[in-house]
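Take a look at the structure set out below.
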Amino acid sequence: MESAASSEQNQNHCSAINNSVPLMQGSLPTLTLSGKIRVTLTFFLFLLSTTFNASFLLKLQKWTQKKEKGKKLSRMKVLLKHLTLANLLETLIVMPLDGMWNITVQWYAGELLCKVLSYLKLFSMYAPAFMMVVISLDRSLAITRPLPVQSSRKLEQSMLGLAWVLSSVFAGPQLYIFKMIHLENGSGQPEVFSQCVTHCSFPQWWHQAFYNFFTFSCLFLIPLLIMLICNAKIIFMLTQVLQQDPHKLQLHQSKNNIPRARLRTLKMTVAFAASFIVCWTPYYVLGIWYWFDPGMLNRVSDPVNHFFFLFAFLNPCFDPLIYGYFSL
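Written out as structure tokens, the structure is:
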């Protein structure tokens with residue numbers, strides 16, 4: 008009975024909001040000074056990330072053109088190409104959307120774009136996280152369980168395809184849960200405040216809690232665990248080999264290139280993991296805190312919230328520097 012009453016109250020509340028409930032004058036959000044600083048830094052990081060990732064893509068294209076006919080890009084460069092594309096997608100969608108939305112404060116683009124852009128935003132956040140997972144798994148397998156070239160390329164292509172497919176599928180619910188709501192400003196004027204939100208899209212509170220936890224796990228928790236496990240395996244393998252015989256890494260014809268390549272791979276995967284952890288942890292910690300305690304917004308200042316959010320935007324800026332340095 009209590010759940011039925013709660014559900015009915017929730018429906019009535021949602022219906023009232025969708026029918027433009029009046030707001031108290033002065034309660035509508037506005038663009039604050041800290042918000043203006045956030046917008047400025049967002050577009051600065053947008054230019055930085057676009058320049059870095061686009062430059063690296065052009066460099067990869069030049070490497071491809073220089074290759075002899077019939078020769079393919081190395082596995083690592085193929086992985087880097089997909090990660091760069093994912094980072095560029097995140098840069099071109101998430102950053103301008105966040106910047107413009109902070110300027111306008113409310114949503115003016117209509118119901119369709121509310122759903123489509125919410126979908127593209129989450130899709131472009133899933134893709135880089137899943138590409139990090141693919142790189143970590145591929146490098147771990149390359150060192151701990153080497154496969155024949157043909158088999159390893161098939162596995163690589165399968166993992167990359169799966170990463171893109173899962174990104175598009177997992178972002179699908181955004182098309183359903185996001186919608187526009189309209190709120191009157193309560194001052195007797197005809198203006199209505201419109202926003203693109205998920206409010207009242209979930210029948211029960213635990214549905215939203217489950218979706219939030221699923222998104223958090225797929226975007227951060229699971230990629231983080233996989234990267235840590237893969238890096239630990241790589242470090243353990245190389246340490247074990249070096250302890251047994253320091254010259255054992257010098258295999259086949261290139262006595263100098265193989266050890267350097269493997270050590271470079273180790274350093275690069277560790278750098279990827281470190282960048283991912285450092286840039287995204289503050290953002291998700293803040294999100295989890297708000298999830299369990301919505302009142303934290305009143306206790307944490309706006310500049311701190313904006314800083315943690317912007318810190319996540321550094322990840323697509325750092326990645327080109329990391330793989331550009333270690334892959335040359």
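One gets the working numbering by counting positions in the sequence shown from 1 and adding 7 to each.
We treat Cβ as the ideally placed atom computed from N, Cα and C, and that holds for glycine.
Since we're looking at a predicted model, the values are computed, not measured.
Across the structure, Met166 and Leu190 are spaced so that their CA atoms are roughly 45 Å apart. Per DSSP, Cys121 is one residue of the alpha helix (DSSP H) stretching across Gly117 to Thr151.
The alpha-carbon of His206 is positioned some 44 Å away from that of Leu148.
Cα atoms of Tyr290 and Ser62: separation of roughly 27 Å, rounded to the nearest angstrom. Secondary structure at Leu190: strand, using DSSP grouped into helix, strand and coil. Judged by DSSP secondary structure, Val204 falls within the beta strand (DSSP E) whose first and last residues are Val199 to Val204. A direct Cα-to-Cα measurement between Phe177 and Phe130 gives close to 8 Å. Looking at the backbone, the Cα of Phe243 and that of Thr57 are separated by about 36 Å. Three or more beta-carbon pairs separated by less than 8 Å are not found between the region 79-95 and the region 113-128, which leaves the two stretches without contact. The C-beta separation of Ser282 from Ile241 comes to about 17 Å, leaving the pair out of contact by the 8 Å criterion. In this structure Met303 is exposed. Its beta-carbon is surrounded by fewer than 16 other beta-carbon atoms within 10 angstroms.
Excluding sequence positions up to five before and after Pro230, its CB lies within less than 6 Å of the CB of Ala136, Met139 and Val140, all in the same chain and listed in chain order.
Three or more Cβ pairs drawn from the region 40-59 and the region 303-317 lie within less than 8 Å of each other, which places the two stretches in contact. Residue nearest to Pro180 within the set Leu321, Lys66, Asn312 and His214 is His214 (criterion: CA-CA distance). Considering only Cys203, Asn322 and Ala278, the residue with the shortest C-alpha distance to Leu120 is Cys203. Counted as a single uninterrupted DSSP element, the stretch harbouring Gln211 is not any alpha helix (DSSP H), since DSSP gives it neither H nor E. Distance from the CA atom of Ile184 to the CA atom of Thr151, rounded to whole angstroms, is 43 Å. Exposure of Arg306 is indicated by the presence of fewer than 16 other C-beta atoms within 10 angstroms of its C-beta. When only Cα atoms are considered, Met275 and Leu67 end up about 17 Å apart. Annotated three-state conformation of Gln113 is coil, per DSSP. When the beta-carbon positions are compared, Asp326 and Leu95 stay at least 8 Å from each other.
The Cβ-Cβ distance between Trp171 and Ala134 falls below 8 Å.
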